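Worksheet: the structure to be examined is printed underneath.
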Amino acid sequence: DAGVIQSPRHEVTEMGQEVTLRCKPISGHDYLFWYRQTMMRGLELLIYFNNNVPIDDSGMPEDRFSAKMPNASFSTLKIQPSEPRDSAVYFCASSPRGGSSYNEQFFGPGTRLTVL
Amino acid sequence: KQEVTQIPAALSVPEGENLVLNCSFTDSAIYNLQWFRQDPGKGLTSLLLIQSSQREQTSGRLNASLDKSSGRSTLYIAASQPGDSATYLCAVRLGGQNFVFGPGTRLSVLP
Chain A
352 DAGVIQSPRH
362 EVTEMGQEVT
372 LRCKPISGHD
382 YLFWYRQTMM
392 RGLELLIYFN
402 NNVPIDDSGM
412 PEDRFSAKMP
422 NASFSTLKIQ
432 PSEPRDSAVY
442 FCASSPRGGS
452 SYNEQFFGPG
462 TRLTVL
Chain B
15 KQEVTQIPAA
25 LSVPEGENLV
35 LNCSFTDSAI
45 YNLQWFRQDP
55 GKGLTSLLLI
65 QSSQREQTSG
75 RLNASLDKSS
85 GRSTLYIAAS
95 QPGDSATYLC
105 AVRLGGQNFV
115 FGPGTRLSVL
125 P
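Protein sequence lines correspond, in order, to chains A and B.
Start counting at 1 in the first sequence, then tack on 351, and there's your number in the working numbering.
Start counting at 1 in the second sequence, then tack on 14, and there's your number in the working numbering.
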């Protein structure tokens, strides 16, 4: 398996623009997570899905952030409009429901977002 | 609110030394604890996962222990190598699938 795939790897945009981050989880994993990592706040859970259904979005900072998972192999995190304080590395992770790796999280390489 | 801390924040050791990284959490009602390493500019790589019913897990030169009652976990690295240089993070799973991460320990192993 190729692991968790994220795109783009780097994104530079101007304040006010819409940003869409993409994630393809590991095939067969039931859970998908979106995290944000900054120097000041460390790694924070934004939202997670179970079988494509959003379960907990309490970590989403504002209404400017939205996430979708239209099918088991694809998820997006959208920021509209973007602001400089959204600059961070955004990670997607997935984990299986059962098996020997039950609840073990596997991370993608991340998207480094810079909002000017 | 669950808080996770890691001590030390940074550590520098000569190659070959055995070392211990510490992770503490305030609420013992966790489902599991996972250790990761993160290389600069990269994602997180899972090292070890300890379920709440387990006391330790081992993988190669790595050994992680869990003491839920005291809210502590340690990651033991034997015979450290320069390739072990990275930031090590621990994360605890709360109810549902909520995970709380520690701030990490930045490890440098000098040749």
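Don't be surprised by glycine CBs; every beta carbon is placed ideally from N, CA and C.
All of these numbers come straight from a predicted model, not from anything done at the bench.
Here Arg436/A carries a helix assignment [DSSP, helix/strand/coil]. Chain A places a beta carbon closer than 8 Å to that of Gln48/B, counting this residue as a contact.
Distance check between Asp41/B and each of Ser84/B, Trp49/B, Ala23/B, Ser67/B places Ser84/B closest, using alpha-carbon atoms only. Within the stretch 69-120 of chain B, no complete alpha helix (DSSP H) segment of 4 residues or longer occurs.
Taking a cut-off of 8 Å on C-beta distances, the stretch 406-419 of chain A does not touch the stretch 70-82 of chain B, as fewer than three cross pairs fall below it.
Inside the stretch 368-426 of chain A, DSSP marks whole beta strand (DSSP E) runs of 3 or more residues at positions 370-375, 382-389, 393-401, 404-407, 416-422, from first to last along the chain. Counting along the chain, the unbroken beta strand (DSSP E) around Thr465/A starts and ends at 462-466.
Taking Asn403/A as the centre and dropping the five residues before and after it, the same chain places the C-beta of Met420, Asn422, Ala423 closer than 7 Å to its C-beta, in chain order. Ranking Glu365/A, Val355/A, Asp437/A, Met390/A by CA distance to the CA of Lys375/A puts Val355/A first. A straight-line Cα-Cα distance of about 11 Å links Ile91/B and Ser99/B. The beta carbon of Met366/A lies closer than 7 Å to those of Ser433, Glu434, Pro435, Val466, Leu467 in the same chain, with the five residues before and after it left out. The residue among Phe39/B, Ile64/B, Gln68/B, Leu108/B with its C-alpha nearest the C-alpha of Phe50/B is Ile64/B. For Asp407/A, the chain B residues whose C-beta falls within less than 8 Å of its own C-beta are Gly110, Gln111, Asn112, listed in chain order. Spanning the alpha carbons of Arg69/B and Asn46/B requires a straight line of approximately 11 Å. Looking at the DSSP output, Leu61/B bridges to nothing.
Taking 8 Å as the threshold, the shortest C-beta distance from Pro359/A to chain B does not fall below it.
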